[in-house]
Amino acid sequence: KATVSVLYCNMDVPLLYADLLRSIHDERVMEISFDPYSGTKEITQNETEDGLVVGVPPEAAKAVMKYIWKEGRDRDEGCVDIMLMLNAEHGPSWAKRGKRLMKEGTGGVSKEERFLRLVLKMNPKSHEGWKYKAWLSRFNMAEATAEHFEADVELSLLCCERHPRNYYAWVHLLELFKNSRHATDERRLAMMKQMRDWVAARPSDHSALSFNASVFASLTCTADIKGQCLADEREALATLMNRRTGHEATWGHLRWVTSCKWSEPYDASPQSSLQFGLKQLIASVPDPTDSVLIKSEKTLEHTWASRFCSWVFRNCPPHLLTSPHTDPNLVRSIESHLEA
Amino acid sequence: MAFDKDLHVKYIESLDRQTDTFEYWVTEHIRISGAYWGLSGLFLLGREDVMDKEGIVTHVKKCQHESGGFGGNVGHDPHMLYTLSAVQILVLYDSMEGVDVDGIVNYIKGNQLPDGSFQGDEWGEVDHRFTYCAFNCLTLLGRLSDIDIESTVQYVKKTLNWDGGFGVAPGHESHSAYIFCCVGTLAIAERLDEINADKLAWWLCERQVPDGGLNGRPEKKSDVCYSWWVISAMAMLGRLHWIDKASLISFILKCQDTQGGIGDKPGNMADVFHTFFGLAGLSLLGFENDGVPLNPIEPIFAMPPAVLDRIGVKQRTAPQRTTVPKGTPGCL
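The structure is reproduced here in structure tokens:
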């Protein structure tokens, strides 16, 4: 059960500033977020199961920024904290924090991690925020435990969920899985499975599919295990594409899966992928009785299916297209559909 | 909305007077890049005369740090991004006198890492934007040979993804802006033969979406800034004709703000970043306003060709292809 308490009822900006700073340093506060729907100029506090959530209306944010601008950004350390909550792209403020931390040593890291969580939850797309996160990870690399790793993964995924195809959050997640000593092959394989489930609910999340392709490339396990992983990826993708049509992301991932086959020692032919492509080309031809919505979905599916087939013809090694494992009638059928 | 050149000039000129706005404060750390975008936009419109040249040059020179690099504003730490913007402004204005050029070169050299990549500053972020900044900036200064070009070319090649594109660093999702940076770097180094231009251009022209605009990666919405990143890369690859120009021009024009300037999407407020890249896109597409084209822009360096000629920057030629392959997305 959530309770709301209004902290104050006017726009006394020095009070706004002080209360925002207090919220940032209050260990019970789990999240601070912009609250454009409050209809007021007050900072609010919600008590939830996970802790306190503080809401900041945009008017209050602007008033505090103006206050900082007029009063001087060097007046106290709190300025830096608030600047970054409200404008996470302010590189010089991150630099100040970094210099401060370097003087303190790794003892100050957990406080810094907490602050970063608050900033990134409020600004999940912030490039400067993620850049500082990466620097902090390098700074603390020797001390980072498996718990740190999992907390980092959890924060990255939260930001990926809040802002789909969040480039820098995915970059950070991939760097964790490529470089952390806690990212074993077992953990990578588990993460790839988790991503298949993730994409099943978010079929347009191209970044998640790209993540899986990159994690696959970083596996160091045996060829058999890699082969099974790729087979699982193909199967999950086929199930998804049969259920959810017209997504550029899934057709893009099918290109990757198809091209992975080209280097396999046995059965490298694009036969099965082209069969799927032709099936979808035929299925997506509009019918006069289709509703507007169905017609629109079919158009998208047809676009991606035809681009997929064209892409395979242009990029597949020629000897595979003409191999005994690739049915020439299939190729001709697709070509005539593309001509039409 | 019809193209209104005077309105866009007024918009850009007014930006430096709006010093009491939220937008002005939150961008104070990137002021120098904002100045480059605004000034370059005015060069495209043939109205660079409306800006206070002396004031801008003096301000920019004050941003040079003792390390040789430039910060985003006076008193800010140096960074590769702002070092490029500063040099571009000073070159545009032919005002390099008194600038510590050796200092700039040493600053850039100092940010090149053993694997050929570049970091942005002392904090160690590695990103292809800084690779491009280094190559562009040093070429403008006539000092490209001061760095290890070959190791950078090899590093860029390592970033090549299976789809023909480039991400922020090796293994990362292909992204139009990083593709621009990598293609620009290779074009400056005259090493475009290292990549499969057809495969990459195919990926790039798939960025064109039904509204005519371009996106940065699959499943994203169109954004005016990609009117630059994507088509300049395609121009460098000699395949600009693979894009449906008419619908892209129409999209950019729809992104104009009724108060002047260009926003990222139709109906959104203008900002100087999208104004410059929208104008640059229109110029590269050959858009004509009442029969008069915008001033030209060179796709590799994002500078007027006449300025590059003035400082003796050699023209690079794009790998040509005369026919459009069957099934190329821009033609569907």
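So the protein lines, in turn, are chains A and B. So for the first sequence, my numbering puts the first residue at 4; every next one is plus one. So for the second sequence, my numbering puts the first residue at -14; every next one is plus one. Glycine included, C-beta positions come from ideal geometry on N, C-alpha and C.
Cut-off 8 Å between Cβ atoms - residues of its own chain near residue i, not counting five sequence neighbours on either side
i: Ala255(B); result: Tyr(-4), Gln241, Asp242, Gln244, Gly245, Gly246, Ile247 and Gly248
i: Ser113(A); result: none
i: Thr12(B); result: Gly19
i: Lys94(B); result: Asp131 and Ile132
i: Glu131(A); result: Ala91, Glu92, His93, Gly94 and Trp97
i: Leu277(A); result: Cys312, Val315, Thr329, Leu333, Val334 and Ile337
i: Lys38(B); result: Tyr78 and Ser80
i: Thr307(B); result: Unreliable positioning characterises Thr307(B) in this predicted model, as indicated by a pLDDT of 49, which lies under 50. The coordinate reading is nonetheless provided below. Counting only Cβ-Cβ distances below 8 Å, and skipping sequence neighbours, we find nothing.
Residue environment, residue i, which counts as buried when at least 16 other CB atoms sit within 10 Å
i: Pro331(A); result: exposed
i: Gly57(B); result: buried
i: His328(A); result: exposed
i: Lys102(A); result: exposed
i: His259(B); result: buried
i: Gln231(A); result: exposed
i: His113(B); result: buried
i: Ala226(A); result: exposed
i: Ala149(A); result: exposed
i: Leu171(B); result: buried
i: Cys12(A); result: Its pLDDT being 44, under 50, Cys12(A) is placed unreliably in this model, and the value from its coordinates should be taken loosely. When all chains shown are included, Cys12(A) counts as exposed.
i: Arg224(B); result: buried
i: Leu296(A); result: exposed
Test: residue i CB closer than 9 Å to a CB of chain A
i: Pro99(B); result: no
i: Asp(-11)(B); result: no
i: Glu191(B); result: yes
i: Lys205(B); result: yes
i: Ala154(B); result: yes
i: Ser159(B); result: yes
i: Lys321(B); result: Past the boundaries of the shown model lies residue 321(B); chain B is included only from -14 to 317, so the question cannot be answered.
i: Trp147(B); result: yes
i: Trp214(B); result: no
i: His44(B); result: no
i: His14(B); result: yes
i: Phe286(B); result: no
i: Thr307(B); result: Because Thr307(B) carries a pLDDT of 49, less than 50, the predicted location of this residue cannot be relied on, and no value is offered for it.
i: Asp242(B); result: no
i: Val298(B); result: no
Interface flag, residue i vs chain B, CB-CB below 9 Å
i: Ser300(A); result: Correcting the residue type first, residue 300(A) is Glu in the shown sequence and not Ser. Chain B contact via Cβ: absent.
i: Asp188(A); result: no
i: Glu251(A); result: yes
i: Trp345(A); result: Residue 345(A) is absent from the model: chain A starts at 4 and stops at 343.
i: Ala137(A); result: yes
i: Trp201(A); result: no
i: Met68(A); result: yes
i: Arg317(A); result: yes
i: Arg184(A); result: no
i: Arg141(A); result: yes
i: Lys44(A); result: no
i: Lys114(A); result: no
i: Asn90(A); result: yes
i: Lys65(A); result: yes
Close Cβ partners of residue i (< 7 Å) along its chain, the five nearest in sequence each way excluded
i: Leu238(B); result: Met(-14) and Phe(-12)
i: Val35(B); result: Val(-6), Glu(-2) and Leu27
i: Lys142(B); result: Glu179
i: Leu323(A); result: Trp265, Ala271, Ser272, Pro273 and Thr329
i: Leu192(A); result: Cys232
Residue i Cβ short of 8 Å to the ligand SAM heavy atom set
i: Gln48(A); result: Judged by which ligands are present, the structure shown has none, so any question about the ligand SAM falls away.
Spatial neighbours of residue i in its chain, beta-carbon cut-off 6 Å, leaving aside the 5 residues before and after
i: Trp201(A); result: Ala211
i: Ser25(B); result: Phe261
i: Ser217(A); result: Leu177
Ranges of the alpha helix (DSSP H) found wholly within the region 12 to 51 of chain A, counting only runs of at least 4: 16 to 28
Which full runs of the alpha helix (DSSP H) of 4+ residues lie inside the region 196 to 235 of chain B, going along the chain? 211 to 221
Listed from N- to C-terminal order along the chain, which residues in the region 155 to 181 of chain A have their beta-carbon within a distance smaller than 9 Å of any beta-carbon of chain B? Pro167, Arg168, Tyr170, Tyr171, Trp173, Val174, Leu177, Glu178 and Lys181
Of all the residues that make up the region 104 to 129 of chain B, which are near chain A by a beta-carbon distance shorter than 9 Å? Gly105, Asp106, Glu107, Trp108, Gly109, Glu110 and Asp112
Which residues, in chain order, does the region 93 to 105 of chain A contribute to contact with chain B at a C-beta distance below 9 Å? His93, Gly94, Pro95, Ser96, Trp97, Ala98 and Gly101
Mind listing which residues of the region 208 to 229 of chain A have their C-beta closer than 8 Å to chain B's C-betas, in chain order? Listed in sequence order: Asp208, His209, Ser210, Ser213, Phe214, Ala216, Ser217, Ala220 and Ser221.
Ignoring anything shorter than 4 residues, give me the alpha helix (DSSP H) runs that lie fully in the region 254 to 310 of chain B, in order along the chain. 257 to 269 and 290 to 295
Looking at chain B, which residues of the region 239 to 263 of chain A have a Cβ within less than 8 Å of any of its Cβ atoms? Correct list: His250, Glu251, Ala252, Gly255, Arg258, Trp259 and Ser262.
Which runs of the alpha helix (DSSP H) at least 4 residues long sit entirely within the region 17 to 96 of chain B? Give them in chain order. 38 to 47, 65 to 77 and 86 to 95
Can you list the beta strand (DSSP E) stretches of 3 or more residues lying completely in the region 61 to 96 of chain A, in chain order? Within the region 61 to 96 of chain A, no run of beta strand (DSSP E) at least 3 residues long lies entirely inside it.
Any residues in the region -4 to 25 of chain B with a beta carbon nearer than 7 Å to a beta carbon of chain A? Which ones, in chain order? Phe7, Trp10, Val11 and His14
Members of the region 60 to 93 of chain B near chain A, C-beta cut-off 7 Å: Contacts with chain A (Cβ-Cβ distance below 7 Å) from the region 60 to 93 of chain B involve His61 and Asp62, listed in chain order.
Give the list of continuous beta strand (DSSP E) stretches no shorter than 3 residues that lie fully inside the region 105 to 153 of chain A. none
4-residue-minimum alpha helix (DSSP H) runs that sit fully inside the region 202 to 280 of chain A, ordered along the chain: 209 to 221, 226 to 246 and 251 to 264
Report the residues of the region 113 to 133 of chain A with a CB closer than 7 Å to any CB of chain B, ordered along the chain. none
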